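Written out below as structure tokens is the structure these notes cover.
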Amino acid sequence: MPKTLILIFHPDFTHSRANRALADAASQLANTEIFDVQSAYPDNRIDVDAEVQRLLGADRIVFQFPIQWYAAPPILQAWQNAVLTRMYYLNYESEGRLLEGKPLQVAVTAGNTPSAYTARGTNLLPLREILTPLRVTAHRCGLLWTEPFIVYEAMKAPDATLRQAGQAYAQWLSHESTQLLQYATI
1 MPKTLILIFH
11 PDFTHSRANR
21 ALADAASQLA
31 NTEIFDVQSA
41 YPDNRIDVDA
51 EVQRLLGADR
61 IVFQFPIQWY
71 AAPPILQAWQ
81 NAVLTRMYYL
91 NYESEGRLLE
101 GKPLQVAVTA
111 GNTPSAYTAR
121 GTNLLPLREI
131 LTPLRVTAHR
141 CGLLWTEPFI
151 VYEAMKAPDA
161 TLRQAGQAYA
171 QWLSHESTQL
181 LQYATI
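Numbering-wise, the UniProt record's numbering puts 153 at position 153 of the sequence shown, and it's gapless, one number per residue.
The following block contains the structure:
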């Protein structure tokens, strides 16, 4: 079974209900490593050597985070700037090239409703389009992009709904194909 690396980019994962529910469900899966990037690097001083080794040891990479103001939390951008710049611009042959062909999956929690992410909604664009910068990053790095897993109304969801979302997430993660996955929403 391939090794899955879930990198959690959450500004306050300890107090998160939705992202915690997803991570708790994912932690039950075999050969899955979950790493809370923000708590490991609260000062944004990322241990690039450790992160490169973590990525190279994975068969599949998952970025998990809450969407905030149409973007991932700042720690994800800091992580990309440090880790991917080194792997793909400074050490491509010895690091970046070794990551190519691996799937990059994204799991996102959003506070608003699915209808808010439409042309007539509050947010104008579908969440899938808001995630385009990550899709472009995957393309640039030679990673296989899969459709994102999205949990809407995450802040308001009752615990039972979040547990269901976690179960759906674990099922989504269990899909071993590197082809495009179905668009998963909760």
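Just so it is clear, CB atoms sit at the ideal spot from N, CA and C, and this is done for glycine as well. This structure is a prediction, so every number in the text was calculated from the model and none was measured.
Rounded to whole angstroms, what's the CA-CA distance from PRO133 to ILE75? Just pull it up for me.
15 Å
Measure the beta-carbon distance from LEU55 to ILE61 and round it to whole angstroms, keeping in mind my assumption that it falls under 8 Å.
6 Å
Under the three-state reduction of DSSP, which class applies to LEU180: helix, strand or coil?
Confidence at LEU180 is low in this model, with a pLDDT of 43, below 50, so the placement of that residue should be treated as unreliable; the coordinate-derived value is given next. Coil at LEU180, not helix or strand.
Local conformation of ALA71 per DSSP, three classes:
strand
Quick check: what's the CA-CA separation for ASP24 versus GLN164?
12 Å
Express the C-alpha separation of ARG120 and ILE8 in angstroms, rounding to a whole number.
31 Å
For PHE63, which option in SER94, GLU153, LEU143 has the closest C-alpha, if you only look at C-alpha atoms?
LEU143
Thinking C-alpha only, which one of SER174, CYS141, ARG135, VAL37 is nearest THR85?
CYS141
Does any heavy atom of the ligand ATP sit closer than 7 Å to the C-beta of TRP172?
Annotation note on the ligand ATP: not contained in the displayed structure, which lists no ligands.
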